[in-house]
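**Q** One structure, as structure tokens, below. Some questions next.
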Amino acid sequence: MIKKIPLMILLYVINLFAHPHTFIEIYPTIEVKNNQTNKINFKWVLDEMTSSMLIMEFDQNSNNKIDEDENIYILDNYFAPLKDYNFYTNIRLNDKIQFFPKTTNFKATIEENRICYYFDIQEKYNIKDVKFDFGDEDFFVAMVLKKEFIEIIGAQAKIIDLDNDFYFGYRLELK
Amino acid sequence: MEIYNQLLKQLVLLQYEINKFISSSIRQLDDTNYLTTSLIIVSIAFLYGVVHAAGPGHGKALVSFYFINNKTKDYKNAFKIGYMISFIHAISALLVTFGIYFIVNKMFRKNFNEISVIAMDISAVMIITIGLYLLYKAIKDKNDKEQEFTNSENKSKLALAFSIGVIPCPGVMTIVLFCIMLGHFTLGIMAAIFMSIGMGLTISLAGILTVLFRKKATNMIETKGFYFEIFGALMIVCLGLFLFKY
Numbered sequence: 001m002i003k004k005i006p007l008m009i010l011l012y013v014i015n016l017f018a019h020p021h022t023f024i025e026i027y028p029t030i031e032v033k034n035n036q037t038n039k040i041n042f043k044w045v046l047d048e049m050t051s052s053m054l055i056m057e058f059d060q061n062s063n064n065k066i067d068e069d070e071n072i073y074i075l076d077n078y079f080a081p082l083k084d085y086n087f088y089t090n091i092r093l094n095d096k097i098q099f100f101p102k103t104t105n106f107k108a109t110i111e112e113n114r115i116c117y118y119f120d121i122q123e124k125y126n127i128k129d130v131k132f133d134f135g136d137e138d139f140f141v142a143m144v145l146k147k148e149f150i151e152i153i154g155a156q157a158k159i160i161d162l163d164n165d166f167y168f169g170y171r172l173e174l175k
Numbered sequence: 176m177e178i179y180n181q182l183l184k185q186l187v188l189l190q191y192e193i194n195k196f197i198s199s200s201i202r203q204l205d206d207t208n209y210l211t212t213s214l215i216i217v218s219i220a221f222l223y224g225v226v227h228a229a230g231p232g233h234g235k236a237l238v239s240f241y242f243i244n245n246k247t248k249d250y251k252n253a254f255k256i257g258y259m260i261s262f263i264h265a266i267s268a269l270l271v272t273f274g275i276y277f278i279v280n281k282m283f284r285k286n287f288n289e290i291s292v293i294a295m296d297i298s299a300v301m302i303i304t305i306g307l308y309l310l311y312k313a314i315k316d317k318n319d320k321e322q323e324f325t326n327s328e329n330k331s332k333l334a335l336a337f338s339i340g341v342i343p344c345p346g347v348m349t350i351v352l353f354c355i356m357l358g359h360f361t362l363g364i365m366a367a368i369f370m371s372i373g374m375g376l377t378i379s380l381a382g383i384l385t386v387l388f389r390k391k392a393t394n395m396i397e398t399k400g401f402y403f404e405i406f407g408a409l410m411i412v413c414l415g416l417f418l419f420k421y
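Residue numbers (the working numbering), protein chains in the order written: chain U, 1 to 175; chain G, 176 to 421.
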């Protein structure tokens, strides 16, 4: 414990100016067949205040929806760069963090004044080996996962609070 | 760490709920419920400030290190510094938000990021300077055996508050901008002020707890006081250096 104190101080100092200002609700939809994930889709719903700022920039023609060219702009300038942050999702196979697989079918929408991102992962995982850890290590974004947000077809889901020491996260396990 | 993690979780979830409540309340504002709903929103904004500043950030560690270094045993000073920070925090957030909204009026996030980086660099330089000054003061005091407050110490207090407060709080800016976008200018300013008052309370608490610690540990501090002061000053310099890198 005593050895941990300097590390705790150091990490606390590094994170001194980090605290969540954006809240993202995660809605995972996972289809499981023969103990393997068959389809994985994530829906992110951003909080209304952050959304209102982003809509100012995203919805260039102010028609209150995201058109195709606007979708490409969001994908290139806002979503794709999140790869550097592993899309706030660490996928663990046998407890080892994997490179985040290629995301497909990205779609941004405006729903009830909130920005939503939809995207798929094509990779297939054995449900006994895979764990999804959600959270932003910089703690600028808070990921929110609730039981009622999850839709699992062909298996059951379990949410675990993650003790990441200096930021808060959730783990999704399948069984 | 389990307790800290659970505290972090509750702080995050509480902020998430308050954020949702404030945004939906502002959107539902109309002529029939304006006054009552506005009063509820500013009250909740105050609570949001208290909770928001309770998580990592907002200079609580800096304030604590400052009071470790400082010989004051007066709670008023801790209270004063907390509110000086939150006042400058609010002014800075309001100026940047209104400036960007009225002058630039688009690409908010990109411009804000640039301003935020500049503000952080300014803040880092100021924090390092204060740390070095306190270090110099501690060594000088040890040699001179001086124990009294001077005008220069009051100046360092103001400089410390300015160095932390100059970084506009994105939380305050988001509420202000959200209100402006929906045409509620006055409410935006009021929400920012009340949120800052809430943050000031939490930041003050960090200083008050440190002063309390100094009071309780008087005997140890009397003998090891010089080392505490050096530690406090060095930590402030380190915080500035980390912020510069951040």
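All C-beta atoms in this analysis are idealised placements derived from N, C-alpha and C, irrespective of residue type, glycine included.
Exposed or buried, which one is G/Phe-388 when buried takes at least 16 other CB atoms within 10 Å?
**A** Taking the second sequence and counting its residues from 1, one reaches residue 388 of chain G at position 213. Exposed, by the Cβ-count rule.
**Q** Taking any Cβ of chain G, which residues in the segment 22-48 of chain U have a Cβ under 7 Å from it, in chain order?
**A** Answer set for the segment 22-48 of chain U: Phe-23, Asp-47 and Glu-48.
**Q** Anyone know if the C-beta pair for G/Phe-242 and G/Val-386 falls short of 7 Å?
**A** Working through the second sequence from its first residue, we reach residue 242 of chain G at position 67. Working through the second sequence from its first residue, we reach residue 386 of chain G at position 211. Against a cut-off of 7 Å, the Cβ pair of G/Val-386 and G/Phe-242 comes out as a contact.
**Q** Could you tell me the boundaries of the alpha helix (DSSP H) in which G/Leu-362 lies?
**A** In the second sequence, counting from the first residue as 1, residue 362 of chain G sits at position 187. Segment 360-391, the alpha helix (DSSP H) holding G/Leu-362.
**Q** Does U/Glu-68 pass the burial test, meaning 16 or more other C-beta atoms within 10 Å, or should it be called exposed?
**A** Taking the first residue of the first sequence as 1, we reach residue 68 of chain U at position 68. With fewer than 16 other Cβ atoms within 10 Å, it is exposed.
**Q** If you measure beta-carbon to beta-carbon, which residues of the segment 336-353 of chain G are closer than 8 Å to chain U?
**A** Listed in sequence order: Ile-342, Pro-345, Gly-346, Thr-349, Ile-350, Leu-352 and Phe-353.
**Q** Kindly say whether U/Val-141, judged by its beta-carbon, lies nearer than 7 Å to any beta-carbon of chain G.
**A** Residue numbering aside, residue 141 of chain U sits at position 141 when the first sequence is read from its first letter. No - not a single Cβ of chain G is within 7 Å of the one on U/Val-141.
**Q** Name, please, each residue of chain U whose Cβ falls closer than 7 Å to the Cβ of G/Ser-200.
**A** Here the question's residue 200 of chain G lines up with position 25 in the second sequence. Result: empty, since nearest Cβ-Cβ is about 11 Å, beyond 7 Å.
**Q** Compare the C-beta of G/Asn-194 against all C-beta atoms of chain U and say whether one is closer than 7 Å.
**A** Residue 194 of chain G sits at position 19 when you count from the first residue of the second sequence. Chain U contact via Cβ: present.
**Q** Using CA atoms only, rank isn't needed, just tell me which of U/Pro-20, U/Phe-119, U/Tyr-117 and U/Ile-127 is closest to U/Ile-152.
**A** The count along the first sequence starts at 1 and reaches residue 152 of chain U at position 152. The shortest C-alpha separation from U/Ile-152 is found at U/Ile-127.
**Q** So, at 7 Å on beta carbons, what are the nonlocal neighbours of U/Asn-164 in its own chain, with the 5 sequence-adjacent residues on each side left out?
**A** Counting from 1 along the first sequence, the entry for residue 164 of chain U is found at position 164. Contacts found: Gly-135.
**Q** In chain order, what are the residue ranges of uninterrupted beta strand (DSSP E) at least 3 long that sit wholly in the segment 126-174 of chain U?
**A** The qualifying runs are 130-134, 141-144, 151-153, 157-163 and 168-174.
**Q** Kindly identify the DSSP beta-bridge partner or partners of G/Ala-313.
**A** Sequence index remark: in the second sequence, residue 313 of chain G carries index 138 (1-based). None, per the DSSP bridge assignment.
**Q** Compare the C-alpha of U/Ile-150 against each of U/Ile-30, U/Lys-131 and U/Leu-82 and name the closest.
**A** Numbered from its first residue, the first sequence carries residue 150 of chain U at position 150. For the residues U/Ile-30, U/Lys-131 and U/Leu-82, the minimum Cα distance to U/Ile-150 belongs to U/Ile-30.
**Q** Among G/Leu-335, G/Phe-353 and G/Phe-360, which has the Cα closest to the Cα of U/Asn-113?
**A** By 1-based counting over the first sequence, the position of residue 113 of chain U is 113. Closest option to U/Asn-113, Cα to Cα, is G/Phe-353.
**Q** To the nearest whole angstrom, what separates the beta carbons of U/Asp-138 and G/Lys-184, a pair I think is in contact under 8 Å?
**A** On the first sequence, position 138 is the one that residue 138 of chain U refers to. On the second sequence, position 9 is the one that residue 184 of chain G refers to. Not quite, the Cβ-Cβ distance comes to about 17 Å (not below 8 Å), so this is no contact.
**Q** Quick one, are the C-beta atoms of G/Lys-332 and G/Ile-256 less than 7 Å apart?
**A** Within the second sequence, the letter at position 157 stands for residue 332 of chain G. Within the second sequence, the letter at position 81 stands for residue 256 of chain G. It is a contact, given that the beta carbons lie within the stated cut-off.
**Q** Our contact map puts G/Val-341 next to G/Ala-265 with C-beta atoms below 8 Å; I'd like the distance itself, whole angstroms only.
**A** The sequence position of residue 341 of chain G within the second sequence is 166, counting from 1. The sequence position of residue 265 of chain G within the second sequence is 90, counting from 1. Not a contact, Cβ separation roughly 12 Å.
**Q** Is it the case that the segment 176-195 of chain G contacts the segment 86-100 of chain U, given that we only count it when at least three CB pairs across the two stretches are under 8 Å?
**A** Cβ pair count under 8 Å is below three, so no.
**Q** For G/Gly-184, which three-state DSSP category applies?
**A** The count along the second sequence starts at 1 and reaches residue 184 of chain G at position 9. Note on residue identity: the sequence assigns Lys, not Gly, to residue 184 of chain G. G/Lys-184 falls in the helix class under three-state DSSP.
**Q** Please check the pair G/Ala-268 and G/Pro-343, which I expect to be a contact at CB under 8 Å, by giving their CB distance rounded to whole angstroms.
**A** Along the second sequence, read from residue 1 onward, the residue named residue 268 of chain G stands at position 93. Along the second sequence, read from residue 1 onward, the residue named residue 343 of chain G stands at position 168. With 8 Å as the limit, G/Ala-268 and G/Pro-343 qualify as a contact, their Cβ atoms being about 4 Å apart.
**Q** So U/Ile-115 packs on U/Leu-46, CB below 8 Å; how close in whole Å?
**A** If you number the first sequence from 1, residue 115 of chain U lands on position 115. If you number the first sequence from 1, residue 46 of chain U lands on position 46. With 8 Å as the limit, U/Ile-115 and U/Leu-46 qualify as a contact, their Cβ atoms being about 5 Å apart.
**Q** If I'm right that U/Gln-60 touches U/Tyr-125 with Cβ under 8 Å, what's the distance once you round it to whole angstroms?
**A** The count along the first sequence starts at 1 and reaches residue 60 of chain U at position 60. The count along the first sequence starts at 1 and reaches residue 125 of chain U at position 125. Actually they are not in contact, since the Cβ atoms of U/Gln-60 and U/Tyr-125 sit about 38 Å apart, beyond 8 Å.
**Q** With a 10 Å radius around its C-beta and 16 neighbouring C-beta atoms as the bar for buried, classify U/Asp-76 as buried or exposed.
**A** As a position in the first sequence, residue 76 of chain U is number 76, starting the count at 1. It is exposed - the Cβ of U/Asp-76 has fewer than 16 other Cβ atoms within 10 Å.
**Q** DSSP three-state label for U/Leu-11, please.
**A** To locate residue 11 of chain U, count along the first sequence from 1; it is residue 11. Below a pLDDT of 50, predicted positions are generally treated as unreliable, and U/Leu-11, at 39, falls in that range; the measurement from the model is reported next regardless. Helix at U/Leu-11.
**Q** Just list the residues that DSSP pairs U/Thr-37 with in beta bridges.
**A** As a working mapping, residue 37 of chain U is identified with position 37 in the first sequence. Looking at the DSSP assignment, U/Thr-37 forms a beta bridge with U/Val-32.
**Q** Using C-beta distances below 7 Å, list every residue in its chain close to U/Phe-79, excluding the 5 sequence neighbours before and after it, in chain order.
**A** In the first sequence, residue 79 of chain U corresponds to position 79, counting from 1. Contacts found: Phe-106 and Tyr-117.
**Q** With 8 Å as the limit, tell me which residues of the segment 47-71 of chain U have their beta carbon closer than that to any beta carbon of chain G; keep them in chain order.
**A** Cβ contacts with chain G: Asp-47, Glu-48, Met-49, Thr-50, Ser-52, Met-53, Leu-54, Met-56 and Glu-57.
**Q** Below 7 Å between beta carbons is the criterion; list the residues of the segment 356-374 of chain G that meet it against any residue of chain U, in chain order.
**A** Flagged, chain order: Met-356.
**Q** Taking Cβ to Cβ, would you say U/Ile-24 is nearer than 7 Å to U/Val-141?
**A** Taking the first residue of the first sequence as 1, we reach residue 24 of chain U at position 24. Taking the first residue of the first sequence as 1, we reach residue 141 of chain U at position 141. Yes, they are a contact pair.
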